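Heads up: the sequence shown begins at 288 in our numbering, then just goes up one per residue.
Let me begin by presenting the structure, written as structure tokens, before commenting on it.
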Amino acid sequence: MYSKSGEITLIRSKVARRYAKAIFSLGKEDGNFEQYGKELKEFSNLLEQNRELSIFLLSRLIPLESRQGVLKKVLEKVGFSEVTNRFLMLLLEKERMDQLDGIWRYYEKLMDEAMNIVRAEIITPIPLSDSQRERLENALATFTGKKVKSVVNTDPSLIGGVLVKIGDMVLDGSIKAQLEGLKQSI
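Below is the structure:
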């Protein structure tokens with residue numbers, strides 16, 4: 288059974304998915320889904336960086352008409368597509384602007400699926416050179432059958448080797464894991 292916050296989180300994620308699917312389907316129809324995704328991410332980042340704007344747009348104490356006027360001016364300055372502008376105005380009108388980050392995250396997953404992309408986190412004990420990263424991405428692309436977009440992080444505790452996370456899959460080729468395996472077998 289879900290706690291109150293668990294129920295709210297589940298509902299919020301369902302709402303975010305529904306809105307993401309709606310704008311994504313528009314983007315698929317008109318061929319602009321990448322542009323809409325870029326614009327949603329940009330606006331989500333704008334709200335994250337500009338706390339005052341975020342608080343203003345989310346505040347139900349401020350009349351909706353005032354918030355719509357400010358959002359309209361912001362959207363004119365950033366120059367987004369008409370579809371994205373209408374979508375963001377709809378989110379504000381329906382008091383769903385607080386869902387934008389979740390909408391963007393789900394939209395990104397939909398884009399990745401449509402473009403046959405998989406995201407990988409690569410963890411190494413030392414930074415990778417560009418050529419090492421490229422070779423690893425190519426090997427992962429061969430393994431997954433998809434284009435790989437990766438983020439590389441360092442963790443000196445790995446000692447050597449590499450740890451790769453792709454969705455729920457973990458490929459652990461680290462020396463640390465090999466030593467732990469050896470320890471278990473002894």
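Positions of the beta carbon are idealized from the N, C-alpha and C atoms, including for glycine.
What you are looking at is a predicted structure, and each value in this text was computed from that prediction instead of being measured.
{"Check": "How far does the alpha helix (DSSP H) with ASP459 in it reach, from first residue to last?", "Outcome": "Run containing ASP459: none in the alpha helix (DSSP H); it sits in the beta strand (DSSP E), 456 to 459."}
{"Check": "Any idea if GLN386 is buried or exposed, counting beta-carbon neighbours within 10 angstroms, 16 or more meaning buried?", "Outcome": "buried"}
{"Check": "Buried or exposed, going by whether 16 or more other CB atoms sit within 10 Å of the CB of VAL435?", "Outcome": "buried"}
{"Check": "On the DSSP letters alone, give me the boundaries of the beta strand (DSSP E) that ASN440 sits inside.", "Outcome": "434 to 441"}
{"Check": "Would you list the one or two residues that DSSP bridges to ALA307?", "Outcome": "ALA307 pairs with nothing; no bridge assigned."}
{"Check": "Look up LYS452 in the DSSP assignment and say whether it is helix, strand or coil.", "Outcome": "strand"}
{"Check": "Output the boundary residues of the alpha helix (DSSP H) element that contains ARG420.", "Outcome": "417 to 431"}
{"Check": "Would you mind working out which of GLU352, THR431, ARG422 and GLU421 sits nearest GLY454, comparing C-alpha positions?", "Outcome": "THR431"}
{"Check": "Applying the 10 Å Cβ sphere with the 16-neighbour rule, what's the burial state of MET384?", "Outcome": "buried"}
{"Check": "Compare the Cα-Cα distances from GLU326 to each of GLU369, LYS308 and LEU340 and report the closest residue.", "Outcome": "GLU369"}
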